[in-house]
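Number of protein chains: 2
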Amino acid sequence: MAQAFDQPLYRRVRDEIVGEILRGGAPAGTRLPSLRRLAQELGVSRITVEAAYEALEAQGLIETRARSGTFVAAHAAAEAAPHAARARGGLPWEARLAAAANPARERVLGQVLRGAEGGEGVSFAWGAGDPRLFPVDAFRAIIGRILRHARGAALGPEDTQGNAQLRASLAAYLRRLDVPASAEALAVTSGSQQAIDLVVTALVRPGERVAVEEPTWPGALGALEAAGAEIVGVPLDHEGMRLDVLERVLREGGLRLIYTVPTFHNPTGTVMPAGRRRELVRLAARHGVPVLEDDALREVRFGGVLPPPLAALDASGNVILVGSFTKSVLPAARLGYLLAPAKLRDWVVARKRSRDLYCSPLLQRAMSAYLESGDAVRHWKRISRVYAARQRVMDAALARHFPRGVRWRRAAGGPVCWVQLPEGVSARALFSQAVHAGVAFAPGEAFFVAPADQPFIRLNFAAIDEARIERGIATLGALVRAATGKEDRA
Amino acid sequence: MAQAFDQPLYRRVRDEIVGEILRGGAPAGTRLPSLRRLAQELGVSRITVEAAYEALEAQGLIETRARSGTFVAAHAAAEAAPHAARARGGLPWEARLAAAANPARERVLGQVLRGAEGGEGVSFAWGAGDPRLFPVDAFRAIIGRILRHARGAALGPEDTQGNAQLRASLAAYLRRLDVPASAEALAVTSGSQQAIDLVVTALVRPGERVAVEEPTWPGALGALEAAGAEIVGVPLDHEGMRLDVLERVLREGGLRLIYTVPTFHNPTGTVMPAGRRRELVRLAARHGVPVLEDDALREVRFGGVLPPPLAALDASGNVILVGSFTKSVLPAARLGYLLAPAKLRDWVVARKRSRDLYCSPLLQRAMSAYLESGDAVRHWKRISRVYAARQRVMDAALARHFPRGVRWRRAAGGPVCWVQLPEGVSARALFSQAVHAGVAFAPGEAFFVAPADQPFIRLNFAAIDEARIERGIATLGALVRAATGKEDRA
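So the sequence lines, in the order shown, correspond to chains A and B.
Residues 1485 to 1974 (this note's numbering) are what the first sequence spells out, left to right.
Residues 1485 to 1974 (this note's numbering) are what the second sequence spells out, left to right.
Here it is in structure tokens:
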């Protein structure tokens, strides 16, 4: 309960009078006592009674007549009663609200966001990095500095396209990845999710086809479903999206967009090599279909040099790049970006304006300062080292505790491990049992187009201590073994 | 230019080699020098050359063959050249991007957000309060405290519905306004604009009719246009939306939503009295049409007690309440709220998830702490006092400098003054002249449904010093007098 918003005294006096009107003790036309008299009667100040009368008058329940006093208004009793609740059956317009397209996915996304609150249990469901490694002190210093120096100027409205300083920092960051970016060509969004959703809104009408890797990021599926897209899942191999399948889909015609996560694909961790990247860029351009490249995970990596983003291999503007610093810096910043040709960028900025006006200038300035300081590069090295160690622990634990027939690959980056369960094991059933045993994970079906049980689970290892990883995987492994009836690796 | 992202040395080496490949100096199959030799030749470390080779391999431009060395890959020259720019005429899919429905309004909204950057001039265009009065120190202290104590836990992902603590603070705030609110019934949004846009998305399909006060908040018009709504403008009198006109619109049928700003209506400042509020609530409920009440300006007020929100007069759930603390606390917080029946609230939360996942937990916690501290109530009193004084100055300046035939009303709250120009004076023409003379304002047409010149201008007095108000209004007044050809009040 908010102390600051406790009822002030005058409102209690007012409510007393309203109660009297409702009970019939003060019918219309009743003359109210003078301020002084009521104040004496109730043991409160005259000012309090005056405020109560003012409030009643603002509500239209009493009226002051010049030179004769204050009276209960006509119909005051009826007015004071709140508008009656409707008969059961709900509000007539509620029936028009369609249910979510995929309730299972909605549930999983909810868990992914809430995952860290697991308390005693072990949650591999979480979608972000380890909160204990977030650059809290750096941001505390930066925000403190901004508020001390820029003062209110850092806290007013902001241009919808985004803070110019942050866009310059983002352009410098992207140019380092060989992406020909300028501050002018960029727009700042509320995480990469908003960028994805706005691009989908711009380019896809209900019933139109969009190709995605399957499995893929549930947030993209949610945005496509909201747009009414017909989602075409393209399988992956160890080099990412299968272009032979994509080409077949492109030949069928009518494709409006290709959404891809070529770097540390979520949930499988796959990295598309440079050769296939070039092929994808050419294939899409040849068919005149734009590519939406999601590059939200690049900076958490355990191996060597990564191939450049698709956007670096394309000078035509046919590759639209979105990214964010949610995973690599701070979820709470809620900042992502969009790099797109001018016409699309302008469309997105205009639509963002009618959606939420602008992103917080305070957080934009803070992110810009953080990126410029060089702290970000050091931070990425540090978390990559810690997460790589945790990945090794998870890898060993999976090998130790899971039965034969379970498959997974050690990804070269990203915070998750994608595990294929043995034939006949239901991820849905496993999820219920695991939650009961204090272990959570993201069931595979959230990452597929159609809502159906899938023999996959996604495990986040980044946010969990090594001992807890071992414990959680042991618990899961026992459940999987029990489900397969095999105890071959006890 | 971002120092942190200057090109590291190995990338310069890499770019040298790429240049050589492009120039034809190293055709496919060329054997590259050993690490040691190239390092000596270039005067860099072996590690630098190794990193350059790794980068080239990640790009697929060179390949290492076991026991025989490193070679330029087949087709490397073609691969190294960025994908060719398309012939002029643009990308094929760009043609599908519709232009903004109302470019004049987009322009004005852009100015409203950027207005304070006017430099030497006087900008009455600004849509927010005075940045010099923002509670910067309070937020600096609160954010510092949160980061010191909650650390990373305050910076992770957040539930899409909103931080539970903030929702509890909002519920307490609303109960103080007699609105029956609970933390559970509330959703946190990115400003009230996002709440408006999500409700419109939920309830309005293309071609369906929505009633709004005309003029009204351009952001609401933008959201309605994005949804493809047929917008029906209902005129206001001195008590707000005219219910006789609204009733006629309701009788015609097919109305899906009524959007209203009953308290300090933007742009006119009108306050709808309690009696008409009750009538509106009943009328809408009788026709089964939901009311979207926008209560974003309540806390900046110059008069006595305000009538309660419509949502306090309705127990049926037919009134959907949205609000924000953008105007009364801090634009940079980007926080608003939605109070709606369970089914609509759930729909909005699910759609927000696919749009931008969640609002910054750091800013949510900070806003909650600020509201709970009691600082907010003191702040509202302070800014109301300052803005009231500036309103009096603007009022006097308008009377002094504007010719007869100009009309305006002193509103009981809010940061703006809505001025009707004399017959024959074009707000568009006045705007160009005024900007030339160093004075900006929001032209009236942004607040109307159809894009057409309107004889109105909106002047924000809240953010401007009294001397500058006087100076700016004098400049404007001279231009208006010149346009009317009257010099009757020189």
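Ideal placement from N, C-alpha and C gives every residue a C-beta, glycine not left out.
For residue i and residue j, what's the separation of their Cα atoms in angstroms?
i: Y1537/B; j: I1546/B; result: 8 Å
i: A1695/B; j: A1926/B; result: 23 Å
i: A1568/A; j: S1838/A; result: Any answer about A1568/A is weak, because its pLDDT of 46 lies below 50 and its placement is not dependable; what the coordinates show is given next. The alpha-carbon atoms of A1568/A and S1838/A are separated by roughly 35 Å.
i: L1741/A; j: P1774/A; result: 5 Å
i: M1851/A; j: A1816/A; result: 11 Å
i: L1516/B; j: Q1595/B; result: 57 Å
i: G1897/A; j: A1625/A; result: 29 Å
i: I1957/B; j: P1615/A; result: 52 Å
i: V1833/B; j: D1840/B; result: 10 Å
i: R1530/B; j: R1761/A; result: 29 Å
i: A1824/A; j: E1698/A; result: 25 Å
i: A1486/A; j: T1810/B; result: Here the model assigns A1486/A a pLDDT of 44, short of 50, so the residue's position is not dependable and the matter cannot be decided.
i: G1772/B; j: K1827/B; result: 16 Å
i: G1889/B; j: F1915/B; result: 19 Å
i: D1779/A; j: A1711/A; result: 22 Å
i: A1924/A; j: G1724/A; result: 27 Å
i: L1819/A; j: L1847/A; result: 8 Å
i: G1527/B; j: R1521/B; result: 10 Å
i: E1856/A; j: L1687/A; result: 34 Å
i: V1556/B; j: A1542/B; result: 13 Å
i: Y1821/B; j: P1793/B; result: 14 Å
i: D1859/B; j: F1618/A; result: 30 Å
DSSP puts residue i in a beta bridge; with which residues?
i: C1901/A; result: L1943/A
i: I1546/B; result: V1556/B
i: R1530/B; result: Answer by DSSP bridge pairing: none, since R1530/B is not bridged.
i: W1892/A; result: V1903/A
i: A1924/B; result: S1607/B
i: T1744/A; result: E1777/A
i: D1721/A; result: G1724/A
i: L1822/B; result: A1671/B, V1806/B
i: R1839/B; result: According to DSSP, R1839/B bridges with nothing at all.
i: L1739/A; result: R1693/A
i: R1515/A; result: F1555/A
Taking DSSP as the reference, what is the three-state secondary structure of residue i?
i: A1817/A; result: helix
i: I1665/A; result: The sequence as given places Ala at residue 1665/A; Ile does not occur at that position. It is coil, neither helix nor strand.
i: A1695/A; result: strand
i: A1990/B; result: Because chain B here runs from 1485 to 1974, residue 1990/B falls outside it and cannot be looked at.
i: I1948/B; result: coil
i: E1642/A; result: coil
i: V1909/B; result: coil
i: E1783/B; result: coil
i: D1859/A; result: helix
i: R1496/A; result: helix
i: V1478/A; result: In the structure displayed, chain A extends from 1485 to 1974; residue 1478/A sits before or after that span and is not available.
i: A1710/B; result: helix
i: Q1938/A; result: coil
i: Y1757/B; result: For clarity, residue 1757/B is Pro in the given sequence; the question names Tyr instead. P1757/B falls in the coil class under three-state DSSP.
i: H1771/B; result: helix
Under 8 Å from any heavy atom of the ligand GDP, does the C-beta of residue i make it?
i: A1638/B; result: This structure simply doesn't include the ligand GDP, nor any ligand for that matter.
Fill in: Cβ contact check for the region 1779 to 1789 of chain B and the region 1743 to 1753 of chain B: 3 or more pairs under 8 Å
yes
Fill in: Touch test, the region 1648 to 1665 of chain A against the region 1646 to 1657 of chain B, Cβ-Cβ under 8 Å, three pairs minimum
no
Worksheet item: What are the residues of the region 1897 to 1912 of chain B that lie near chain A, defined by any Cβ-Cβ distance shorter than 9 Å?
Response: none
Worksheet entry | Residues of the region 1830 to 1856 of chain A whose Cβ lies closer than 8 Å to any Cβ of chain B, in chain order | W1831, A1834, R1835, R1837, S1838, R1839, D1840, L1841, Y1842, C1843, S1844, P1845, L1846, L1847, L1855, E1856
Worksheet entry | Meets three-Cβ-pair contact criterion under 8 Å: the region 1899 to 1912 of chain B and the region 1927 to 1939 of chain B | yes
Worksheet item: Is the number of C-beta pairs between the region 1804 to 1820 of chain B and the region 1658 to 1674 of chain B that are closer than 8 Å three or more?
Response: yes
Item to complete: For the region 1883 to 1896 of chain B and the region 1850 to 1869 of chain B, state whether three or more C-beta atom pairs, one from each stretch, are separated by less than 8 Å.
Response: no
Worksheet item: Along the region 1775 to 1788 of chain B, what residues have a CB closer than 8 Å to any CB found in chain A?
Response: G1788
Worksheet item: Within the chosen definition, does the region 1732 to 1740 of chain A reach the region 1701 to 1709 of chain A through at least 3 CB pairs nearer than 8 Å?
Response: no
Item to complete: Closer than 8 Å, Cβ to Cβ, to anything on chain B: give me those residues from the region 1704 to 1732 of chain A, in chain order.
Response: G1706, A1707, E1709, A1710
Practice prompt. Quick one: which residues of the region 1931 to 1951 of chain B get their C-beta closer than 7 Å to a C-beta of chain A? List them in chain order.
Written response: none
Fill in: Against chain A: residues of the region 1749 to 1779 of chain B by CB proximity under 8 Å
P1757, A1758, G1759, R1762, V1765, R1766, A1769, G1772, V1773, P1774
Fill in: Segment contact, 8 Å Cβ cut-off, at least three pairs: the region 1950 to 1964 of chain B with the region 1873 to 1885 of chain B
yes
Worksheet item: Closer than 8 Å, Cβ to any Cβ of chain A: which residues of the region 1628 to 1640 of chain B, in chain order?
Response: G1628, L1631, R1632, R1635, G1636, A1637, A1638, L1639, G1640
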